[in-house]
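Visitor: Residue numbers (this note's numbering): 1 to 325.
1) Could you pull out every residue in the same chain whose Cβ sits closer than 7 Å to the Cβ of residue 19, ignoring the five residues on either side in sequence?
2) Do you know whose CA, among 30, 318, 78, lies nearest residue 191's CA?
3) From 265, 72, 249, pick the residue whose C-alpha is nearest to that of residue 276; which is it?
4) Residues bridged to residue 138 by DSSP?
5) Tell me the rounded alpha-carbon separation between residue 82 and residue 204.
6) Where does the unbroken alpha helix (DSSP H) through residue 59 begin, and where does it stop?
7) In the DSSP assignment, what residue or residues form a beta bridge with residue 215?
8) In the DSSP assignment, the beta strand (DSSP E) including residue 255 goes from what residue to what residue?
9) For residue 311 and residue 102, what's the separation of their Cα atoms in angstroms?
10) Tell me the residue span of the alpha helix (DSSP H) that contains residue 186.
11) Going by beta-carbon coordinates alone, are residue 171 and residue 57 separated by less than 9 Å?
12) I need the straight-line Cα distance from residue 162 to residue 4, nearest angstrom please.
13) Using a threshold of 9 Å, state whether the C-beta atoms of residue 110 and residue 123 are closer than that.
14) Going by CA-CA distance only, name the one from 114, 113, 138 that's closest to residue 72.
15) Do the CB positions of residue 113 and residue 79 come within less than 9 Å of each other?
16) Measuring alpha carbon to alpha carbon, tell me which of 321, 285, 32 ends up nearest residue 54.
17) Out of 202, 11, 38, which has the shortest C-alpha to C-alpha gap to residue 62?
18) Could you check which residue in 291, 29, 287, 223 has the C-alpha nearest to that of residue 150?
19) According to DSSP, which residues form a beta bridge with residue 11?
20) Less than 9 Å between the C-beta atoms of residue 119 and residue 281, yes or no?
21) CB-CB under 7 Å to residue 258, same chain, minus the five flanking residues each way: which ones, in chain order?
22) Would you call residue 133 buried or exposed, if buried means 16 or more other Cβ atoms sit within 10 Å of its Cβ?
23) Take the Cβ of residue 175 as the centre, count every other Cβ of all protein chains shown within 10 Å, and call the residue buried at 16 or more, exposed below.
24) Looking at residue 245: is its Cβ nearer than 9 Å to the Cβ of residue 197?
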């Protein structure tokens with residue numbers, strides 16, 4: 001019996017022009033390029049220009065993804081935009097993007113699950129497509145985290161960067177097996193008791209201010225590896241697959257040590273892990289779609305490859321998805 005799958009038709013990404021090398025932080029902080037690389041694997045990141053908003057980054061990635069898919073904005077039914085750094089409190093950044101790309105029908109909305117936001121957005125897009133509520137959906141992760149980091153805190157400000165990545169998904173009939181192209185399964189999780197491990201110390205109803213990012217890095221690290229591996233295994237199990245079937249793990253690009261330890265825990269070689277953290281830093285919800293687009297450009301990911309996507313962020317919120325490219 002046939003099933004409806006959400007199949008990837010195109011992808012794209014955008015990085016702001018300004019590149020910030022590790023050495024730039026040594027001018028104002030007690031840190032070094034060696035210290036940052038050893039603890040995170042990050043060598044550089046991109047920061048948005050003063051006049052660039054999250055929607056501007058999203059627009060650039062969206063245009064590339066649409067071109068890659070051979071579509072225009074009006075071919076889309078839906079836009080789901082994952083971000084923790086929206087242009088405004090309301091309306092959604094997704095609706096600003098909807099207008100910018102010339103999409104005159106359908107609907108658009110934001111999702112906020114911080115670094116896990118893209119996985120949450122992908123799960124929602126898949127559900128809309130599988131249920132028949134939408135046929136063609138753009139899923140975007142876009143962030144300007146440089147706006148909310150504390151540049152006096154060397155433990156956090158060196159980690160984050162700005163960027164955007166986008167995918168276009170479209171309904172196609174599949175067989176219902178793990179050999180189908182498209183999103184085969186998703187697994188979503190959250191636990192609010194870990195709020196204080198990674199958060200922003202501001203908000204509309206609490207401080208009436210934006211606030212700055214705060215993180216207990218050691219504690220987040222402890223949770224990340226076990227939760228990512230567990231969620232990844234569950235997503236594969238739901239799809240009737242196992243780690244040995246995976247061609248590429250495409251993880252949230254937060255920290256090279258987390259990435260490598262998670263792969264080891266799952267029994268997957270680092271030769272089969274897409275890594276972009278060295279060039280982009282942690283771009284939160286943008287990191288997975290950005291990595292997917294870069295990996296396709298590199299020729300790493302090819303049609304028919306089985307991908308395991310996984311991410312964890314503030315909340316704590318975490319999840320994974322099994323996708324056949």
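The C-beta atom is built at its ideal place from N, Cα and C for all residues, glycine as well. The structure displayed is predicted, hence computed values, not measured ones.
Guide: Checking against the coordinates, here is how it stands:
1) 44, 46
2) 318
3) 249
4) 79, 168
5) 19 Å
6) 54-69
7) 198
8) Run containing residue 255: none; DSSP gives neither H nor E here.
9) 31 Å
10) Looking at the DSSP string, residue 186 is not in any alpha helix (DSSP H); the run it does join, the beta strand (DSSP E), is 182-190.
11) no
12) 34 Å
13) no
14) 138
15) no
16) 285
17) 11
18) 29
19) 167
20) no
21) 221, 224, 225
22) exposed
23) exposed
24) no
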